[in-house]
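*Asks:* My questions will all concern the structure given below.
2 protein chains.
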Amino acid sequence: MKLQVTQENLHKALTNVSRVASSRSSLPVLSNVLIKTSDKRLTIAATNLDIAVTEHIGAKIAQQGAITVPARLMQDLISSLPAGPLDIEVTDNKMVLEAGRFSSSINGVSADEFPAMPTLTNSQEINLETGSLRDALAQVLFAASSDEARPVLTGVYIYQNNDKLVFAATDSYRLAEKEIPVNAAGLSLLIPSQSLQEVLRLLKDDSQQIIIAYDEQQARFTIDETEVVTRLIEGTYPDYKRLLPSSFETTAKLTKKALLEITKVSSLFAREAAGSITISIDAIKNEIRIKSIASQVGENTASAEAEVTGDATITLNSRYILDALNAFSGESIQINVNGKLDPCVITSADDPTYTHVIMPVKS
Amino acid sequence: MKLQVTQENLHKALTNVSRVASSRSSLPVLSNVLIKTSDKRLTIAATNLDIAVTEHIGAKIAQQGAITVPARLMQDLISSLPAGPLDIEVTDNKMVLEAGRFSSSINGVSADEFPAMPTLTNSQEINLETGSLRDALAQVLFAASSDEARPVLTGVYIYQNNDKLVFAATDSYRLAEKEIPVNAAGLSLLIPSQSLQEVLRLLKDDSQQIIIAYDEQQARFTIDETEVVTRLIEGTYPDYKRLLPSSFETTAKLTKKALLEITKVSSLFAREAAGSITISIDAIKNEIRIKSIASQVGENTASAEAEVTGDATITLNSRYILDALNAFSGESIQINVNGKLDPCVITSADDPTYTHVIMPVKS
Numbered sequence: 014m015k016l017q018v019t020q021e022n023l024h025k026a027l028t029n030v031s032r033v034a035s036s037r038s039s040l041p042v043l044s045n046v047l048i049k050t051s052d053k054r055l056t057i058a059a060t061n062l063d064i065a066v067t068e069h070i071g072a073k074i075a076q077q078g079a080i081t082v083p084a085r086l087m088q089d090l091i092s093s094l095p096a097g098p099l100d101i102e103v104t105d106n107k108m109v110l111e112a113g114r115f116s117s118s119i120n121g122v123s124a125d126e127f128p129a130m131p132t133l134t135n136s137q138e139i140n141l142e143t144g145s146l147r148d149a150l151a152q153v154l155f156a157a158s159s160d161e162a163r164p165v166l167t168g169v170y171i172y173q174n175n176d177k178l179v180f181a182a183t184d185s186y187r188l189a190e191k192e193i194p195v196n197a198a199g200l201s202l203l204i205p206s207q208s209l210q211e212v213l214r215l216l217k218d219d220s221q222q223i224i225i226a227y228d229e230q231q232a233r234f235t236i237d238e239t240e241v242v243t244r245l246i247e248g249t250y251p252d253y254k255r256l257l258p259s260s261f262e263t264t265a266k267l268t269k270k271a272l273l274e275i276t277k278v279s280s281l282f283a284r285e286a287a288g289s290i291t292i293s294i295d296a297i298k299n300e301i302r303i304k305s306i307a308s309q310v311g312e313n314t315a316s317a318e319a320e321v322t323g324d325a326t327i328t329l330n331s332r333y334i335l336d337a338l339n340a341f342s343g344e345s346i347q348i349n350v351n352g353k354l355d356p357c358v359i360t361s362a363d364d365p366t367y368t369h370v371i372m373p374v375k376s
Numbered sequence: 014m015k016l017q018v019t020q021e022n023l024h025k026a027l028t029n030v031s032r033v034a035s036s037r038s039s040l041p042v043l044s045n046v047l048i049k050t051s052d053k054r055l056t057i058a059a060t061n062l063d064i065a066v067t068e069h070i071g072a073k074i075a076q077q078g079a080i081t082v083p084a085r086l087m088q089d090l091i092s093s094l095p096a097g098p099l100d101i102e103v104t105d106n107k108m109v110l111e112a113g114r115f116s117s118s119i120n121g122v123s124a125d126e127f128p129a130m131p132t133l134t135n136s137q138e139i140n141l142e143t144g145s146l147r148d149a150l151a152q153v154l155f156a157a158s159s160d161e162a163r164p165v166l167t168g169v170y171i172y173q174n175n176d177k178l179v180f181a182a183t184d185s186y187r188l189a190e191k192e193i194p195v196n197a198a199g200l201s202l203l204i205p206s207q208s209l210q211e212v213l214r215l216l217k218d219d220s221q222q223i224i225i226a227y228d229e230q231q232a233r234f235t236i237d238e239t240e241v242v243t244r245l246i247e248g249t250y251p252d253y254k255r256l257l258p259s260s261f262e263t264t265a266k267l268t269k270k271a272l273l274e275i276t277k278v279s280s281l282f283a284r285e286a287a288g289s290i291t292i293s294i295d296a297i298k299n300e301i302r303i304k305s306i307a308s309q310v311g312e313n314t315a316s317a318e319a320e321v322t323g324d325a326t327i328t329l330n331s332r333y334i335l336d337a338l339n340a341f342s343g344e345s346i347q348i349n350v351n352g353k354l355d356p357c358v359i360t361s362a363d364d365p366t367y368t369h370v371i372m373p374v375k376s
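These protein sequences, in sequence, are chains A and B. For the first sequence, the tail end lands on 376 under the working numbering, and the numbers increase by one without skipping. For the second sequence, the tail end lands on 376 under the working numbering, and the numbers increase by one without skipping.
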């Protein structure tokens, strides 16, 4: 293998790709990146077996070939070199890299030991705008579970419902759901949230079109020159829609800023109680009031004006409320409550495609 | 105790003071801040017994008194409250704090249990400009030792030498020395570097004048409304000047940028060798060349043009070189070397008041 590539292109590709290479894998070669010529281009790829990221860049290729080299060293090295052309030559799994007054020799591992990059069969495709995919992922990803004991909850469920594409994630304590106006008849994918975190990180320019291809086992996101292939999670996603109330006895509408402020202050006194705070919605005073008590430290009451219908008292985890509020765009927030133990639903007139549900704490 | 204070003033004071309160101390009250009226002002103070920070702010005081409350909770609470007036009332070591729609009650500890704030006796004073003190501390603090086995090396030695005030710090592997043009006849202080880190953090506006008062046991830095009192370290600082060569057989002058670049790249291949890199200064090629070898990973050579006098080869810890280069202001750097095992002295024509010395690694 012998080629010339610019530091700028190789640096960009390594930045996009090498994060998924992990030195903690039981298969040591997975801490390497694959560098491989494909006709007139250079392919840079890394995988952790759940997800594979590949980028193609232009290069002047004098001799075809492939090698794998340690991902972290390679990325640190290329990012430290000055901009300009790099000459790369590989002999006997040793990569020699020359750039002006810099000369490096890196011991690699044969590309034959690297797992084959996954491919899709009989795949279907949809197109999404970067902006809507970014919003949807940012609004739901944090609600997915990290507990491998229930694998389906570690994924984001993406499916078609009438003329909307729905993104849903839940850890069983809270649920986030986002709808975007895209038609993809029959689409139903359960994608690991870790993989989607990687996709979210790669989304940059809002004007990009993202292509999502999928078959029974995998999905591929094409973002500019970068391809992310992820396995799908097997299993049936819980029928969460059944749990969502369609009407509410009590609602309170107020500014996001005011609710954030009183929740933050209250949470400081809720550390002993694992974050639990008690919210009272008061139709007579037209206010929402939060009380938190820490026997050691003290107690706090904070209230904010709200447009209220009905009365209610409910105990929620303050961290979940803060997470939810940070996910909403726009200025106004509405809290919707039935009984003390029924799901609390948070909505916003300014962001009608997003719904957030928090299960109450028994108090 | 009963008073009114603004959120803005109390927030600023807590931010400056409460960092030294530590929840890891064996004396639990040291995780609290002292809040105490003194005539028409409010005093906020915290200490870890090595260092005490005190700030005085304006307040409308209706009734004198004092209390201590948990520093972290108090700071988090005040920073989360909206700007505006706060009403504070203390009865039976319970502080009640009212701010508009917020009401908090915090369990405190009697101010009698808080250690007395240290005072100086027969002290002398000097004045320094914020800018020169900040530069001096930023350039020497990182070279002080964190190893309590040799307490004198955990301090910064500040002393008068002719018409200069000298700041010196060393961990015995490297030494940093800064001179500033201040006359303070007879001054000789050995101050814990941890305390000076706190002072550095508090330096803001360049136009401030800092007053340093000192006696045999303590030094007090007055920065605006904030006072920092620190203990001094007992013991004799090593006579490091004796170890500094006054002339050099080999010198190499180059840009800081070029030396940073080749050192960074070389350090990537020096991880196995605990950062050791071998620098060759070559008078014939007029270059400085760094070689680093990692048996597992590979090897690297990088060079940069330099104005060279004499030849030399010396092995140094790359992290120390990077630290030193980041401490120099200005564009040009000069490396000064005698024998392979003699101290390597780094200087800069653009920053003539700063000297950095690195002891070579035996290779």
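C-beta atoms are modelled at their ideal positions from N, C-alpha and C, and glycine is treated no differently.
Nearest-angstrom Cα distance between Ser113 (chain A) and Leu133 (chain A)?
*Replies:* The displayed chain sequence assigns Gly, not Ser, to residue 113 (chain A). Cα to Cα, the separation comes out at about 41 Å.
*Asks:* Decide if Gly168 (chain B) is buried, meaning its Cβ has at least 16 other Cβ atoms within 10 Å, or exposed.
*Replies:* buried
*Asks:* Pick out whichever of A:Ala58, A:Ile301, A:Leu94, A:Lys107 has its Cα sitting closest to the Cα of Glu21 (chain A).
*Replies:* A:Leu94
*Asks:* On the DSSP letters alone, give me the boundaries of the beta strand (DSSP E) that Ala79 (chain A) sits inside.
*Replies:* 79–83
*Asks:* Under 8 Å between beta-carbons, which chain A residues line up against Asp89 (chain B)? List them in chain order, please.
*Replies:* Taking a Cβ-Cβ threshold of 8 Å, the residues of chain A close to Asp89 (chain B) are Leu281, in chain order.
*Asks:* Thinking C-alpha only, which one of A:Ile101, A:Gln152, A:Leu281 is nearest Thr183 (chain A)?
*Replies:* A:Gln152
*Asks:* Since Asp100 (chain A) is in the beta strand (DSSP E), which residue starts that stretch and which ends it?
*Replies:* Residues 98–104.
*Asks:* How many angstroms separate the CA atom of Met84 (chain A) from the CA atom of Ala232 (chain A)?
*Replies:* It is worth fixing the name first, because residue 84 (chain A) is Ala in this sequence and not Met. If you take the alpha carbons of Ala84 (chain A) and Ala232 (chain A), they lie about 24 Å apart.
*Asks:* If you compare alpha carbons, which of A:Gln137, A:Gln309, A:Leu166, A:Ile303 is closest to Phe234 (chain A)?
*Replies:* The shortest Cα separation from Phe234 (chain A) among A:Gln137, A:Gln309, A:Leu166, A:Ile303 belongs to A:Gln137.
*Asks:* Can you tell me whether DSSP reads Gly168 (chain A) as helix, strand or coil?
*Replies:* strand
*Asks:* For Ala296 (chain B), report the span of its alpha helix (DSSP H) as first-last.
*Replies:* Run containing Ala296 (chain B): none; DSSP gives neither H nor E here.
*Asks:* Along the segment 326–360 of chain A, what residues have a CB closer than 8 Å to any CB found in chain B?
*Replies:* none
*Asks:* Going straight from the alpha carbon of Gly236 (chain A) to that of Ile346 (chain A), what length do you get?
*Replies:* The sequence as given places Ile at residue 236 (chain A); Gly does not occur at that position. Cα to Cα, Ile236 (chain A) sits roughly 33 Å from Ile346 (chain A).
*Asks:* Give the DSSP-derived three-state secondary structure of Thr366 (chain B) in the structure shown.
*Replies:* Here Thr366 (chain B) carries a coil assignment [DSSP, helix/strand/coil].
*Asks:* Per the contact definition of three or more C-beta pairs closer than 8 Å, is the segment 313–326 of chain B in contact with the segment 261–275 of chain B?
*Replies:* Taking 8 Å as the limit for Cβ pairs, the verdict is that the segment 313–326 of chain B does touch the segment 261–275 of chain B.
*Asks:* When you compare the CB of Ala315 (chain B) with every CB in chain A, is at least one pair closer than 9 Å?
*Replies:* Yes - at least one Cβ of chain A is within 9 Å of the one on Ala315 (chain B).
*Asks:* Could you work out which residue in B:Gly97, B:Glu111, B:Asn120, B:Ser279 is closest to Asp105 (chain B) when comparing CA atoms only?
*Replies:* Out of B:Gly97, B:Glu111, B:Asn120, B:Ser279, B:Asn120 has the C-alpha closest to the C-alpha of Asp105 (chain B).
*Asks:* Enumerate in chain order the residues of its own chain whose CB-to-CB distance from Leu99 (chain A) is below 8 Å, with the five nearest sequence positions on each side excluded.
*Replies:* Gln17, Val18, Thr19, Gln20, Leu23, Ile91, Leu110, Glu111, Ala112
*Asks:* Spell out the partners DSSP gives Glu2 (chain B) in its beta bridges.
*Replies:* Lying before the first or after the last residue shown, residue 2 (chain B) is absent from chain B, which here runs from 14 to 376.
*Asks:* By Cβ distance below 7 Å, which residues in the same chain neighbour Arg284 (chain A) in space, the five residues on each side in sequence not counted?
*Replies:* Ala307
*Asks:* Return helix, strand or coil for Ala162 (chain A), following the three-state DSSP convention.
*Replies:* coil
*Asks:* Alpha carbon to alpha carbon, what distance is there between His69 (chain A) and Asn383 (chain A)?
*Replies:* With chain A represented from 14 up to 376, any question about residue 383 (chain A) goes unanswered, as that position is not in the structure.
*Asks:* Apart from the five residues just before and just after Pro373 (chain A), which ones in its own chain have a Cβ nearer than 7 Å to its Cβ?
*Replies:* Ile327, Thr328, Leu329, Lys353, Leu354, Cys357
*Asks:* So what's Met372 (chain B) in DSSP terms, helix, strand or just coil?
*Replies:* coil
*Asks:* Are the CB atoms of Ile74 (chain A) and Leu55 (chain A) within a distance shorter than 9 Å?
*Replies:* Yes, these two residues count as a Cβ contact at 9 Å.
*Asks:* Quick one: grab the DSSP three-state call for Met87 (chain B).
*Replies:* In the structure shown, Met87 (chain B) sits in a helix (DSSP, three-state: H, G or I).
*Asks:* If you compare alpha carbons, which of B:Gln222, B:Leu257, B:Ser185 is closest to Val350 (chain B)?
*Replies:* B:Leu257
*Asks:* If you run the structure through DSSP and keep just helix, strand and coil, what is Tyr250 (chain A)?
*Replies:* coil
*Asks:* Relative to the C-alpha of Ser220 (chain B), which candidate in B:Ser145, B:Tyr227, B:Ser158 has its C-alpha closest?
*Replies:* Comparing Cα positions, the closest option is B:Ser145.
*Asks:* Give the single residue among B:Glu274, B:Ala181, B:Val165, B:Phe115 whose Cα lies nearest to the Cα of Ile193 (chain B).
*Replies:* B:Ala181
*Asks:* Which runs of the beta strand (DSSP E), 3 residues or longer, sit entirely within the segment 169–201 of chain A?
*Replies:* 177–183, 187–193
*Asks:* CA-CA distance, Tyr170 (chain B) and Leu188 (chain B)?
*Replies:* 11 Å
*Asks:* Measuring alpha carbon to alpha carbon, tell me which of A:Pro205, A:Tyr186, A:Asn175, A:Val212 ends up nearest Ala3 (chain A).
*Replies:* This structure cannot speak to residue 3 (chain A), because chain A is shown only from 14 to 376.
*Asks:* Can you check which of these residues, B:Ser361, B:Arg255, B:Ile297, is closest to Lys270 (chain B) by C-alpha distance?
*Replies:* It is B:Ser361 whose Cα lies nearest to the Cα of Lys270 (chain B).
*Asks:* So is the beta-carbon of Lys177 (chain A) under 8 Å away from any non-hydrogen atom of the ligand FMN?
*Replies:* What this structure holds is no ligand at all, so the ligand FMN is not there to describe.
*Asks:* List, in order along the chain, the chain A residues whose C-beta lies closer than 8 Å to that of Asn120 (chain B)?
*Replies:* Gln309, Val310, Gly311
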